[in-house]
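Take 165 as the starting number for the sequence shown in our numbering and just add one per residue.
Even for Gly, the Cβ is constructed at its ideal location relative to N, Cα and C.
The structure presented is a predicted model; accordingly, all values stated were derived computationally and were not measured.
Comments concern the structure below.
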Amino acid sequence: TRWRSDGKLLVTGANHPDVKVWDTRGTINRKLKGHKAPIHEVSFLPNKVQVFSASDDMNAKTWDIATGDCLATLQGHKDYVRSGGPHPSHSHLIATGSYDKCVCLWDTRTEGTRCVAKFPHQASVEAVSWHPVGSLLAVAAGNSIFVWDTIAGRSQKLEDAPTASIFDGWENAQKPLFSCCNHQKAIASLTYDENGSSLLTGGLDTFVKVFNTTNYSVVHTLPYPAPVQSIALSPNSRLLV
């Protein structure tokens, strides 16, 4: 479930193949049909007139809210697509994460909407989150987080940060900019705060952790009585849900 930035529309996905767009009165404005399995991720594109969805049918789609038409089908994953979303300022650039242990980067301006980059992982990808400014993409795979520079294709480990190497392009980026493992069980959700200074993760180990994005060290650990499957911040990042 995601609100549009102006607070006037809400998009939802559920354990059925339809994407629904609601207004603030609780009326369904648009029902988007085209997926063949449950929807686990939805969001509005930055242009506010299109919607993104990711499904267990191994595909992601973009939709036109006004007409209900499917604008693009992002096809290429080999397992459930459980996460994804558009770049915060470029509606044509979309990331998807799948249980096939891969994150794909898509450019909807290309003919056939092809995958322009793949970022492999060692575990199923449960969540992705774009940094609010720039090209960084945070990924939750297993009990680890990985941060990729989707533009420069840079590779850098925390222990040797000053010796980052530069790759020629997206397709050659085989290592994350940062990686760390601070949860004992799988991370189910993650999100940056409004200015990108913090990254929050929620895990099945019942903890929410707050990372400082300067060096991705843990600055806060919040215990909960049950596994944390979803987290969200208020627009000003003062409230955690």
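Counting only the Cα atoms, residue 270 lies some 12 Å from residue 283. Here DSSP, grouped into helix, strand and coil, assigns residue 180 to strand. Per DSSP, the continuous beta strand (DSSP E) segment holding residue 351 begins and ends at 351–356. When C-alpha distances from residue 224 are compared across 190, 262, 254 and 285, the shortest belongs to 262. DSSP, reduced to helix, strand and coil, places residue 305 within a strand of the structure shown. Between the beta-carbon of residue 219 and that of residue 181 there is about 7 Å, and that keeps the pair under the 8 Å contact cut. For the pair residue 377 and residue 388, the CB atoms are not nearer than the 7 Å cut-off. With the rule of 3 Cβ pairs closer than 8 Å, the region 225–235 counts as touching the region 193–213.
Assignment of residue 284 by DSSP, reduced to helix, strand and coil, places it in the strand class. In this structure, the CA atom of residue 339 is about 27 Å from the CA atom of residue 206.
Not a single unbroken stretch of the alpha helix (DSSP H) spanning 4 or more residues falls wholly within the region 220–272.
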